[in-house]
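Engineer:
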Amino acid sequence: MTAQKRSVAILTSGGDCAGMNAAVSTVVKLALYRGCNTYVIREGYEGLVKGNGDDVSMEHAERDVTYLNNIPLSYHCGDFFRLGDFDGGDSSLSHRYIVKIGWDDVRGWNQMGGTLIGTARCKEFRERDGRLKAAFNLIRNGIDSLVVCGGDGSLTGADILRTEWPELVQELHSSGKISEEQAQRFMHLHIAGLVGSIDNDLTSTELTIGASTALQRICESLNSISSTASSHSRAFVVEVMGRHCGWLALMAGIASGADYVFIPERPPPEDWRQDLKDKLLKTREQGKRKSIVVLAEGAIDRELQPITADMVAAVLRDLHLDTRVTTLGHTQRGGSPDANDRILATLQAIDALEALMEDDPGKPSYIIGITQGRVRRLPLRDSIAHNNLLPEAIKEKRFDDAMKLRGKEFNDGIKTFLYNSIQMDGKALTDEPLTIGIIHVGAPAGGINAAARTAVRFCLHHGHTPLLIQNGFKGLIKGQIDKAKWLRVDSWASSGGSELGINRQLPDTDLDAVATQLEKHKIQGLLIIGGFEAFQSIKIMSEARQSHAPFRIPMVALPATLSNNLPLNEYSVGTYTSLDVLCRTCDMILQSASSSRNRVFVLEVQGGHCGFLPVMAGVAVSASLVYTPEKGVTLTQLDEDLKFLRRRFKADPEDSNDGRLVICSEKASLVYRAPFISDIFGKEGGEIFDSRYERLSHQLQGDTPSPLDRVEASRLAVKCCEFLEKHAGSACAWDPPSAMITMRQGEVQITPVSQMVEHADFSFRRGKEQWWSACEQYVDIISGRLSI
1 MTAQKRSVAI LTSGGDCAGM NAAVSTVVKL ALYRGCNTYV IREGYEGLVK
51 GNGDDVSMEH AERDVTYLNN IPLSYHCGDF FRLGDFDGGD SSLSHRYIVK
101 IGWDDVRGWN QMGGTLIGTA RCKEFRERDG RLKAAFNLIR NGIDSLVVCG
151 GDGSLTGADI LRTEWPELVQ ELHSSGKISE EQAQRFMHLH IAGLVGSIDN
201 DLTSTELTIG ASTALQRICE SLNSISSTAS SHSRAFVVEV MGRHCGWLAL
251 MAGIASGADY VFIPERPPPE DWRQDLKDKL LKTREQGKRK SIVVLAEGAI
301 DRELQPITAD MVAAVLRDLH LDTRVTTLGH TQRGGSPDAN DRILATLQAI
351 DALEALMEDD PGKPSYIIGI TQGRVRRLPL RDSIAHNNLL PEAIKEKRFD
401 DAMKLRGKEF NDGIKTFLYN SIQMDGKALT DEPLTIGIIH VGAPAGGINA
451 AARTAVRFCL HHGHTPLLIQ NGFKGLIKGQ IDKAKWLRVD SWASSGGSEL
501 GINRQLPDTD LDAVATQLEK HKIQGLLIIG GFEAFQSIKI MSEARQSHAP
551 FRIPMVALPA TLSNNLPLNE YSVGTYTSLD VLCRTCDMIL QSASSSRNRV
601 FVLEVQGGHC GFLPVMAGVA VSASLVYTPE KGVTLTQLDE DLKFLRRRFK
651 ADPEDSNDGR LVICSEKASL VYRAPFISDI FGKEGGEIFD SRYERLSHQL
701 QGDTPSPLDR VEASRLAVKC CEFLEKHAGS ACAWDPPSAM ITMRQGEVQI
751 TPVSQMVEHA DFSFRRGKEQ WWSACEQYVD IISGRLSI
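Here the sequence shown is numbered in the UniProt record's numbering, starting from 1 and rising by one per residue.
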């Protein structure tokens, strides 16, 4: 501890979004872990300007505070934030906007939507006098560090406050509102920003807090709309949010299998009405019963004139389609955050706090974003300036520049959507049409049907012949192979499981039979969608090329496994879906544990010998403990963990209704397995707490895949097909090519199977290096295991 403790406050500003509560909770806990005084500011900048009126005393907050290892557990404000002012306005907190907060005051916030500390748009803060009041209230409450979670406007306000800060402090001192000692102590304001926006509209970061949950809400609505549209053979125009950004509309279009999208960055052709008619008419002529058009609220034509939902609906009615318009509105903001938003908010909040601790007057203010798949610090002012280039490009009709500013993934999304939505007339786009086999291998994972769908439509779009291989290599050996048609895969965009059938059988069961079928059906390229078995299958067939000529074709695997255990790969299709299922289950288990009072649940989860799922779920739901195969379980560790649980339950008030969760990988230990751990905790917990065991197994494969899994599956499928098309019959350094499409630091990579072999641990079916291993320590910090 330093002589002068740092004091950290966090506020949420602008439009609310899912994940804000996770960010607030994490900043509070990490600040307390680092020995800081910690505050939340209610109602955004409005609360910062209002402050606490004449009440500057902290006696109400310091009274009856429970400490554990010098960390304040509660200032008795948790119920106020979670339940509201049930004293009818007489609460001591109702007129206080800068509130000191403790560890347990933010318990359970991760799963809650919106922002519990409130948000508001504040005109007064836009004026210098308002910012002067804000500076006074920060100094008055001893706050020297501020985290702001909001959109570009909120973050710009934070940067302006920091820029003006020395002048504001000098003015407050000159007017006698603060002392000389205060002026010296608060000469510098430390600021860090977290980008919270459902539109995903900040160009310098790949994903903003709240965007993936909003996409989830949209796709849930589109799934419901799709069934009624098909029932009545109707057309629907669905308007989603996004004034200057089409990310939600575009990704929802890919994930739901929409027929047409309108986005502001890439207006449709000048004759868009005829273009829309032609494309929808073609799908109807093929036998499709429904038509779905997704429209961003900021959609425009090439002359910058708005394209409204009613205008689109009028075009559809000209085709004599029974048409409905649905505006989703604020339903997109609401609900519990998905797993990705919880994890993203938590990891970015951790780095925001660290950035504050390392800040000095010579450094710029940072926002915490994600680029190249990693949480990174980005200069706030530069990021906002870069973001402002996009509306300028649109205003000046430089749409190509606008698309470049959106980044590679966005542009890949456009290409992916077009392959899936535009049916060509059968004219080959290549001089050498290919026959490409598509097969699922391993275990079901959310998004593998979307991958097969995109692969089929890519092939048809380019004049190739896609062959669907049923039931994995078992089906291939039996000759269960069908020629795919456009409409056959139409509903696969959002379907779970495996439409092709899937199992873990490898080709070496009967290499001769596999080779015979490849030769019989004249397959010139093979796409294998699956997990570790897909990797092994390509390895086996590549090694057998010398003796089996039909294997001398390009082969590529698309990573799809909930275990996320492939070497040299950071993301596998299906992981978002599994984490969503796991988080929803954990929420229900924690509700049960809290209802039963003083109960620990030990939840066993799948994932093989890879701890990715339990660790990332532990981050998302603030689990008390996590056990993984990589670290294993020892008796000494169990004894320390038992002591930790006893301390925590003993420190809870008698009327507390909080339970706790332990997540254990199914292969964390051959001896200390999850049921045994639960029995130990139950026995040794005595009168303090009891324990229950639960297992989550094949449920983790999910029902309807996560929209993020559907989008990434489709994008990776395009990359796979481009690879097969490029290398068919050609020579390269590793000819004939055998590879897996992998994701490393946010970039799609073509990784030769031989290189993956070098980095694979075949005994444990995982990579030798795990990018997520650093996250395990965050679980211990956020749970309090390292500090309480």
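Where is the CB? At the ideal position from N, CA and C, for every residue including glycine.
(1) I believe I553 touches Q524 by the beta-carbon criterion, under 8 angstroms. Please report the beta-carbon distance rounded to the nearest angstrom.
(2) Counting along the chain, where does the beta strand (DSSP E) carrying F236 start and finish?
(3) So which of L222, D431 and T346 has the shortest CA-CA distance to C149?
(4) For a test of the three-state rule: what should DSSP assign to D709, helix, strand or coil?
(5) Can you check which of these residues, S773, L642, G574 and L280, is closest to G702 by C-alpha distance?
(6) Using 8 angstroms as the threshold, is the segment 532-552 in touch with the segment 485-495, meaning 3 or more CB pairs across them?
(7) Pick from V293, E303, L189 and H320: whose alpha carbon is nearest that of C219?
(8) How would you label G196, buried or exposed, when you count the other beta carbons within 10 angstroms and need 16 or more for buried?
(9) According to DSSP, is A560 part of a helix, a strand, or is it coil?
(10) Mind reading off the beta-carbon distance from I476 to I469? Whole number of angstroms is fine, and I expect it under 8 angstroms.
(11) Mind checking who A760 pairs with in its DSSP beta bridge?
(12) Buried or exposed: D655, going by 16 or more other Cβ atoms within 10 Å of its Cβ?
(13) Using the Cβ count rule (16 or more neighbours within 10 Å means buried), how would you classify P269?
(14) Please check the pair D367 and L380, which I expect to be a contact at CB under 8 angstroms, by giving their CB distance rounded to whole angstroms.
(15) Report the start-end ranges of each beta strand (DSSP E) in the segment 568-650 that is 3 residues or longer and not cut off at the edges.
(16) In whole angstroms, what separates the C-alpha of Q749 from that of T742?
(17) Give the DSSP bridge partners of N37, in chain order.
(18) Considering only residues of the same chain and omitting the five flanking positions on each side of I191, which have a CB-CB separation below 6 angstroms?
(19) Would you identify the three-state DSSP class for Y75, choosing helix, strand or coil?
(20) Pick out whichever of R584, D652, N565 and V237 has its Cα sitting closest to the Cα of E630.
(21) T2 to E358, Cα distance in whole Å?
(22) Give me the residue from R715, F601, F689 and R710 with the minimum Cα distance to F458.
(23) Tell me the DSSP secondary structure of R457 in three-state form.
(24) Specify the secondary structure class of A258 as computed by DSSP and reduced to three states.
(25) Spatial neighbours of S594 within its chain, please: C-beta separation below 7 angstroms, excluding the five flanking residues on both sides.
(26) Would L295 count as contacting chain C if we go by Cβ distances under 8 angstroms?
(27) So I775 is in the beta strand (DSSP E); what residue range does that whole segment cover?
(28) My assumption, with CB atoms under 8 angstroms, is that A255 sits in contact with S494. Please give the rounded CB distance.
(29) Let me know if D512 comes out buried or exposed under the rule of 16 or more other beta-carbons within 10 Å of its beta-carbon.
(30) Kindly indicate which residue of G130, V626 and G685 has the alpha-carbon position closest to the one of K643.
(31) Taking 7 angstroms as the limit between beta carbons, can you name the residues of its chain near L389, skipping five residues before and five after?
(32) Assuming A443 contacts R504 (C-beta within less than 8 angstroms), just tell me the rounded distance between them.
(33) Considering only residues of the same chain and omitting the five flanking positions on each side of N223, which have a CB-CB separation below 8 angstroms?
(34) On the three-state DSSP scale, how would you describe P550?
(35) Given A313, which residues of its chain have a CB within under 7 angstroms of its CB, disregarding the five upstream and five downstream residues?
(36) If we require 4 or more residues per run, which alpha helix (DSSP H) segments fall completely within the segment 94-179?
Structural biologist: Walking through what the data contain:
(1) Their Cβ separation, rounded to whole angstroms, is 6 angstroms, which keeps I553 and Q524 in contact under 8 angstroms.
(2) A235 to V240
(3) T346
(4) helix
(5) G574
(6) Touching, no.
(7) V293
(8) buried
(9) strand
(10) The sequence as given places Leu at residue 476; Ile does not occur at that position. At roughly 5 angstroms, the Cβ-Cβ gap stays under 8 angstroms, so L476 and I469 are in contact.
(11) G767
(12) exposed
(13) With fewer than 16 other CB atoms across the displayed protein chains lying within 10 angstroms of its CB, P269 is exposed.
(14) Note on residue identity: the sequence assigns Ile, not Asp, to residue 367. Sure, about 5 angstroms apart at Cβ, within 8 angstroms.
(15) 599-605 and 625-627
(16) 5 angstroms
(17) S7
(18) These residues qualify, in order along the chain: L146, A158, R162 and S365.
(19) coil
(20) N565
(21) The pLDDT assigned to T2 is 44, lower than 50, so where the model puts this residue is not dependable; a value taken from the coordinates is nonetheless given after this. For T2 and E358, the distance between alpha carbons rounds to 15 angstroms.
(22) In terms of CA proximity to F458, R715 leads the group R715, F601, F689 and R710.
(23) helix
(24) coil
(25) N657, D658 and G659
(26) Protein chain content of the structure displayed is limited to a single chain, and chain C is not contained in it.
(27) The displayed chain sequence assigns Cys, not Ile, to residue 775. From DSSP, C775 is part of no beta strand (DSSP E) but of the alpha helix (DSSP H) over C775 to S783.
(28) 7 angstroms
(29) exposed
(30) G685
(31) L405
(32) Confirmed, about 7 angstroms.
(33) Closer than 8 angstroms at the Cβ level, and outside the excluded window around N223, lie S256, S494 and T704.
(34) helix
(35) V237, T323 and V325
(36) 128-140 and 152-174
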